[in-house]
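Data block below; observations after.
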Amino acid sequence: MLNKKQVIKALEDIAVYLELKGENPFKISAYRKAAGALETDDRSMGNIDDPGSLKGIGKGTAQVINELVATGESQVLNDLREEIPAELPKLLRLPGLGGKKIAKLYQLLGVIDLNSLKQACLDGRVSQLEGFGKKSEEKLLQAIDEYNVRPERLPIAYMMPMAEKIESVLARIDAVDRYAKAGSIRRFKEMMKDLDFVVATDDPQAVADGIKALIDIHDISGEGETKMTIILNDDYQVSVDFRFVAPQAFATAWHHFTGSKDHNVNMRQLAKAKNESISEYGVLQHDTGELLSFVTEQAFFNHFDLDEIPPEVREGRHEIEVAGQEAIKLVQSMDIKSDCHMHTTWSDGAFTVEEMAEAARNKGYEYIMITDHSKSLRVANGLTETRLRQQREEIERLNATYNDFHIYAGVEMDILPDGSLDYSDDMLQELDFVIAAIHTSFAQDRTTIMKRLDNALQNPYVKLIAHPTGRIIGGRKGYDVDIEHLIDGAWETGTALELNANLNRLDLAPEWLAKARDRGVTLAVNTDAHAIDMLDDMRYGVSAARRAWLEPTHLLNCKTRQEMDAFLKQS
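First residue of the sequence shown: 8, per my numbering; consecutive thereafter.
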């Protein structure tokens with residue numbers, strides 16, 4: 008079954024396609040109203056027996072919703088996708104172009120993609136259309152040129168899904184003995200140029216044939232017995248390197264191709280001191296001529312009298328020195344006892360409180376915080392004081408049914424543009440866990456932004472600042488934060504700072520997490536989940552935390568239930 012967010016997305020897609028097609032505005036509006044009606048209903052799709060009973064959903068749109076829920080797809084949407092040129096919706100990514108303008112370009116000028124739009128601009132035909140002009144034409148040409156320039160590095164949120172899809176392909180190839188991500192993505196870098204995989208096999212040609220048969224490839228830029236490089240048929244034509252090695256060489260090859268360059272240089276110097284040398288094939292002992300191989304990376308590191316160095320910290324800094332002196336005990340997924348930031352159908356989530364709680368309970372968590380949006384964020388169906396109290400009553404009813412799990416009643420409260428908070432202290436004291444966050448007016452100057460954050464930090468009921476910089480990796484810088492001041496304020500007030508595990512955010516960045524850790528600030532890895540499957544993003548947050556050398560003791564959501572209760576009682 009599609010969840011509510013997916014159904015809403017499908018309805019919004021239908022509206023967009025209808026707009027591109029130039030359909031009746033009332034028909035377009037019907038799908039947008041239906042999406043809005045679902046968004047403001049507090050139930051999940053599984054609990055809505057008759058969508059047509061909701062205000063704003065008519066008979067036709069109700070049928071589409073029921074079809075989406077029953078089959079996972081919509082014939083209306085499928086037909087529109089067949090009818091509308093596949094590249095046309097991508098024009099929506101260009102600044103200044105909405106559905107109506109694109110429809111005009113499509114219907115009157117035959118524009119179907121970026122290339123045809125560029126040609127229409129160069130021919131001067133766009134400026135002749137009503138609603139456009141010479142300046143609009145010039146801005147479009149500039150936007151097209153910027154869009155077509157492939158960034159030198161791409162964000163992890165773009166690369167990780169492709170890497171995981173490639174892993175699923177490698178798992179299907181019989182000739183593959185073992186495979187794994189390597190390079191920047193294994194070290195969990197935020198931005199990267201390409202993807203790397205190490206594949207253990209006795210038959211590289213069979214693996215190469217399987218890759219060619221199962222992956223959508225734009226081009227093959229290199230192919231041999233030890234390496235294959237393909238260019239994916241995606242928007243950015245990402246390069247993917249596959250290194251083929253014998254099974255006994257997998258551990259050393261995996262280390263070698265994980266990097267970083269500086270880490271590998273330092274490891275080679277360590278080997279040289281022992282009259283040895285490291286390559287992807289193993290460790291060569293120059294005294295005997297023997298090439299050593301290792302079953303695991305741990306055994307490889309132990310050979311050099313080192314504790315195993317986690318891939319996230321192999322950056323050529325101080326990791327080898329530390330590993331030679333002590334065991335490196337960074338946080339692991341098994342240490343996580345809670346997720347302190349998630350959303351439900353009460354605001355803009357896809358599942359009910361009970362469904363989110365059961366999903367978290369099934370992950371082995373001891374407790375969670377339900378933190379739906381506050382009243383000023385109307386676009387996310389934010390909760391009024393009355394609805395927040397009603398949600399608390401639901402949470403208390405659910406807690407009465409558990410003896411091994413607890414739900415804390417919380418909220419993600421907006422810090423408003425004038426620095427005030429979205430609820431009064433009288434309301435906040437009724438809640439178990441209050442998150443404060445900035446969602447609007449990102450363009451304010453640093454002084455104003457810091458005034459807003461300081462007000463939240465100084466409020467005795469605010470326990471956490473969520474996604475503290477508002478950044479989107481590879482997308483937007485976020486607001487202008489004096490992060491060192493924020494860290495100092497968090498320490499002085501005992502307020503926790505968030506590492507948001509969403510791949511688009513990973514906010515705070517590792518350098519700031521490390522500074523907060525050194526300052527003694529409590530941190531929390533949270534998914535900000537709006538659907539059950541997003542709870543799995545915790546693994547990304549853990550990897551980001553490991554890059555900052557965080558241990559379980561540094562993290563709020565590694566606390567037991569009793570320890571969390573003690574934290575919440577602090578003023």
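For each residue, glycine too, the CB sits at the ideal point set by N, CA and C.
*Ala443 - DSSP class collapsed to helix/strand/coil*: strand
_Relative to the C-alpha of Thr447, which candidate in Arg478, Ala69, Ile173, Ile64 has its C-alpha closest?_
Arg478
*To the nearest whole angstrom, what separates the beta carbons of Leu542 and Asp346, a pair I think is in contact under 8 Å?*
6 Å
*Do Ala258 and Phe204 have their C-beta atoms within less than 7 Å of each other?*
no
*Backbone CA spacing between Lys219 and Ala22 [nearest angstrom]*: 37 Å
*Cα-Cα separation between Arg404 and Arg396, rounded to whole angstroms*: 13 Å
_Comparing C-alpha positions only, which one of Ile422, Ile472, Thr454, Gln451 sits nearest to Phe440?_
Ile472
*Take Ser550 as the anchor and find which of Arg321, Asp452, Glu328 has the nearest alpha-carbon.*
Arg321
*asked:* Using C-beta distances below 6 Å, list every residue in its chain close to Tyr374, excluding the 5 sequence neighbours before and after it, in chain order.
replied: Ser345, His413, Arg568
*Spatial neighbours of Met166 in its chain, beta-carbon cut-off 8 Å, leaving aside the 5 residues before and after*: Ile192, Met199, Leu202, Val245
*On the premise that Glu287 lies in contact with Ala260, defined as a C-beta separation below 8 Å, what is that separation, rounded to the nearest angstrom?*
4 Å
*asked:* In the DSSP assignment, the beta strand (DSSP E) including Gly43 goes from what residue to what residue?
replied: Premise fails: Gly43 lies in the alpha helix (DSSP H), 32-46, not in any beta strand (DSSP E).
*Among Asp425, Gly140, Glu159, which has the Cα closest to the Cα of Lys108?*
Gly140
*Around the Cβ of Thr408, are there at least 16 other Cβ atoms within 10 angstroms (buried) or fewer (exposed)?*
exposed
*Mind the definition here: the region 108-121 touches the region 130-145 only if three or more C-beta pairs lie below 8 Å; say whether that holds.*
yes
*Does the beta-carbon of Lys142 have 16 or more other beta-carbons within 10 angstroms, so that it is buried, or is it exposed?*
exposed
*Considering only C-alpha positions, which residue in the set Ser81, Val118, Asp86, Thr78 is nearest to Lys97?*
Val118
*If we ignore side chains and look at the alpha-carbon of each, how far apart do Ile35 and Val488 end up?*
40 Å
*Got a sec? Which residues, its chain only, sit under 6 Å from Ser134 by beta carbon, not counting five neighbours each side?*
Gly140, Lys141, Glu144
_Three-state secondary structure (DSSP) of Asp572_ = helix
*For the beta strand (DSSP E) containing Phe249, list its first residue and its last residue.*
246-252
*Where does His270 sit, in a helix, a strand or coil, going by DSSP?*
helix
_Reduced DSSP category for Val386 - H, G, I as helix; E, B as strand; rest coil_ = helix
_Using a 10 Å radius around the Cβ and a threshold of 16 neighbouring Cβ atoms, would you call His262 buried or exposed?_
buried
_DSSP three-state label for Met235, please._
strand
*Rank Phe301, Thr352, Ala41 by C-alpha distance to the C-alpha of Ala538 and give the top, closest one.*
Thr352
*Does the Cβ-Cβ distance between Met169 and Ile343 come in under 7 Å?*
no
*According to the neighbour-count rule (16 or more other Cβ atoms, all chains shown, within 10 Å of its Cβ), is Phe249 buried or exposed?*
buried
*Option nearest His492 by Cα separation, candidates Ile456, His474, Asn507, Asp152*: Ile456
*asked:* I'd like the ranges of any alpha helix (DSSP H) spanning at least 4 consecutive residues and lying wholly in the region 125-158.
replied: 141-155
*Confirm, please, whether the CB-CB distance from Glu46 to Asn388 is below 7 Å.*
yes
*For Lys62, which of Val76, Gly53, Ala41 has the nearest alpha-carbon?*
Ala41
*Whole-angstrom distance between Pro162 and Asp2, CA atom to CA atom*: This structure gives no information on residue 2, because the portion of the chain shown stretches from 8 to 578.
_Best match in Leu277, Leu18, Gln255, Asp525 for proximity to Leu313 [C-alpha to C-alpha]_ = Leu277
*So, is Lys188 buried or exposed, given that buried needs 16 or more other C-beta atoms within 10 angstroms?*
buried
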